[in-house]
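Colleague: The sequence shown lines up with residues 260 to 507 when you count with my numbering. All residues carry an ideal CB built from backbone N, CA and C; glycine is no exception. These numbers come from a predicted model, not from an experiment.
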Amino acid sequence: MKIVVFSGTTEGRLLSCTLADSGVQVTVCVATEYGETEQGKHPGVTVRTGRLTKEEMEILLSGQDLCIDATHPYAVEVTQNIRAAAQRTGVLYKRLRRPASTLPEDCIAVENVHQAADVLRQTKGNILLTTGAKELAAFTELGTQRLFARVLPLESSLAACKAAGIMPSHIIAMQGPFGEELNTALLRQFSIHFLVTKDGGAPGGFEEKLAAARACHAQMIVICRPEDEGEPYEAVVHFCKEWMAQCR
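(1) Considering Arg272, what are the terminal residues of the alpha helix (DSSP H) in which it resides?
(2) Compute the beta-carbon to beta-carbon distance between Lys461 and Thr443, rounded to the nearest angstrom, for a pair I have assumed lies under 8 Å.
(3) Let's see if you can read the secondary structure: which residues bound the beta strand (DSSP E) around Lys457?
(4) Whole angstroms is fine: what's the gap from Phe453's alpha carbon to Lys421's?
(5) DSSP three-state label for Leu325, please.
(6) Taking Leu406 and Arg380 to be in contact with their CB atoms under 8 Å, please state how far apart those CB atoms are, rounded to whole angstroms.
(7) My guess is that Leu411 and Tyr333 are in contact by the Cβ rule of under 8 Å, so how many angstroms apart are they, rounded?
(8) Mapping the DSSP letters down to three states, classify Arg342 as helix, strand or coil.
(9) Could you give the residue range of the alpha helix (DSSP H) that holds Ala418?
(10) Tell me the residue span of the beta strand (DSSP E) that contains Gln478.
(11) Quick one: measure Cβ to Cβ for Val495 and Ala375, integer angstroms, because I've assumed they're closer than 8 Å.
(12) Give the list of continuous beta strand (DSSP E) stretches no shorter than 3 residues that lie fully inside the region 346-375.
(13) Kindly identify the DSSP beta-bridge partner or partners of Gln284.
(14) Out of Glu270, Pro302, Asn340, Val264, state which residue places its alpha-carbon closest to the alpha-carbon of Ala279.
(15) Consider the Cβ of Asp458: report whether some Cβ of chain D lies at a distance smaller than 8 Å.
(16) With H, G and I counted as helix, E and B as strand and the rest as coil, what does DSSP make of Ala334?
(17) Would you check if there are 3 or more beta carbon pairs closer than 8 Å linking the region 492-507 to the region 465-483?
(18) Tell me the residue span of the beta strand (DSSP E) that contains Phe437.
(19) Report yes if the C-beta distance between Gln298 and Lys261 is below 8 Å; otherwise report no.
(20) Ends of the beta strand (DSSP E) at Phe407?
(21) What residues in its chain sit with their C-beta under 6 Å from that of Ser360, if we drop five residues either side in the sequence?
(22) Identify, in the order they occur along the chain, each residue of the same chain with its Cβ nearer than 7 Å to the Cβ of Ser321, setting aside the five sequence neighbours on each side.
(23) Mind checking which residues open and close the alpha helix (DSSP H) that includes Thr296?
(24) Let me know if Glu493 comes out buried or exposed under the rule of 16 or more other beta-carbons within 10 Å of its beta-carbon.
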């Protein structure tokens with residue numbers, strides 16, 4: 260049996276190792292070298308690094324038995340391409356999707372980064388952006404004096420910050436997830452009034468961000484997840500075990 264796991268999440272890493280320990284051949288696809296480092300090495304797991312075109316996905320899936328999409332909940336286009344490639348090659352497809360957080364009333368929920376910027380346009384005070392380096396450009400019109408960006412410690416992230424006009428003293432290059440204490444310290448250090456985040460769920464430290472924002476009286480603005488089908492980690496593991504038992 261051969262399984263391809265499109266990963267880039269904590270759940271994808273755990274699942275690939277669990278499947279390999281069951282005696283199947285697992286190929287894990289990650290988009291970046293950072294993802295490869297996070298994946299690590301595990302017996303029975305082959306890691307393929309680099310973004311794939313639709314055609315490359317189809318070639319990869321040809322001859323495979325199962326495709327599991329464990330990419331990030333916000334990677335909409337990637338998920339669409341993976342699902343389409345699986346359909347065209349006739350490979351069984353399963354979407355692993357971490358449960359969304361229950362948003363409390365004191366959070367402002369928006370659909371995308373542009374709506375978040377619209378909300379912030381009517382405000383004053385420093386803003387901490389934790390939405391990822393690719394999303395920074397949507398906020399630059401708010402004035403870079405207000406903007407603080409927490410991004411991964413990668414050259415590409417720093418380049419994105421520079422392109423967006425984020426001042427070097429306003430760049431926080433760290434790898435998460437972060438606990439409540441560190442989040443709180445950062446909010447206080449930079450006098451943050453608004454914290455912008457995506458709903459990364461428990462693995463993304465959502466509750467820790469929320470607790471820190473409340474402790475510092477900062478308004479949390481949450482970019483809600485795009486609607487998509489999928490099942491949580493435990494359900495996908497159960498499905499895979501039953502599927503492997505039937506195939507043997």
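Modeller: If we stick to the structure as given:
(1) 269-280
(2) Before going on, a small fix: residue 461 reads as Ala here, not Lys. The pair is not a contact, with the Cβ atoms about 18 Å apart (cut-off 8 Å).
(3) 451-457
(4) 21 Å
(5) strand
(6) Their Cβ separation, rounded to whole angstroms, is 13 Å, which puts Leu406 and Arg380 out of contact at 8 Å.
(7) Incorrect: roughly 15 Å between the Cβ atoms, too far for contact.
(8) helix
(9) 414-422
(10) 478-482
(11) No, Val495 and Ala375 are not in contact; Cβ-Cβ is about 31 Å, not under 8 Å.
(12) 351-354, 366-369
(13) Lys261
(14) Pro302
(15) The question asks about chain D, but that chain is absent: this structure has only one protein chain.
(16) coil
(17) no
(18) Neither: Phe437 is in no beta strand (DSSP E) and is coded neither H nor E.
(19) no
(20) 406-410
(21) Asp458, Gly460, Phe465
(22) Thr348
(23) 292-298
(24) exposed
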